[in-house]
Amino acid sequence: MPDHVDLFVRVGPTDAPAAVVRAFQGRTARVRRAEFPHLRNFAKVLWSPSYIAAAVGYAAESTVRRHIEHQWDEVA
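The opening residue of the sequence shown carries number 0 in numbering that gives the first Met the number 0; numbering runs sequentially from there.
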């Protein structure tokens with residue numbers, strides 16, 4: 000499986016995707032560096048600056064979850 004993270008997040012219509020991603024990345028980076036101090040010397044950043052944010056639209060939540068859970072089944 001590639002080294003990446005898939006998130007399925009529900010946010011309000013006024014929440015900016017960039018702000019949500021920035022908050023998540025900032026918080027998880029702080030927690031990881033506190034838990035694993037050697038990461039401070041290993042890499043300046045823990046997250047790639049790129050991401051994709053897309054609206055699910057009318058797809059059922061179960062359909063999206065199933066895709067995320069099984070997207071690499073045939074690749075592995």
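All C-beta atoms in this analysis are idealised placements derived from N, C-alpha and C, irrespective of residue type, glycine included.
Collapsed DSSP secondary structure at GLN24 in the structure displayed: For the purposes of this step, residue 24 is identified with residue 25 of the sequence shown, where counting begins at 1. Here DSSP, grouped into helix, strand and coil, assigns GLN24 to helix.
Return the CA-CA distance between PHE7 and ALA42, expressed in angstroms with no decimal places. Here the question's residue 7 lines up with position 8 in the sequence shown. Here the question's residue 42 lines up with position 43 in the sequence shown. If you draw a straight line from the Cα of PHE7 to the Cα of ALA42, it comes to about 27 Å.
Alpha carbons only, please: which of ALA18, PRO12, THR13, GLY11 is nearest the one belonging to ILE51? For the purposes of this step, residue 51 is identified with residue 52 of the sequence shown, where counting begins at 1. Answer by Cα proximity: ALA18.
Under 9 Å, do THR27 and LEU38 count as touching if we go by C-beta distance? Locating residue 27 in the sequence shown gives position 28, where the first residue counts as 1. Locating residue 38 in the sequence shown gives position 39, where the first residue counts as 1. No; because the gap between Cβ atoms is not below 9 Å, this pair is not in contact.
DSSP-derived helix/strand/coil call for LEU6: Stepping through the sequence shown from its first residue, residue 6 is reached at position 7. DSSP, read as helix, strand or coil, puts LEU6 in coil.
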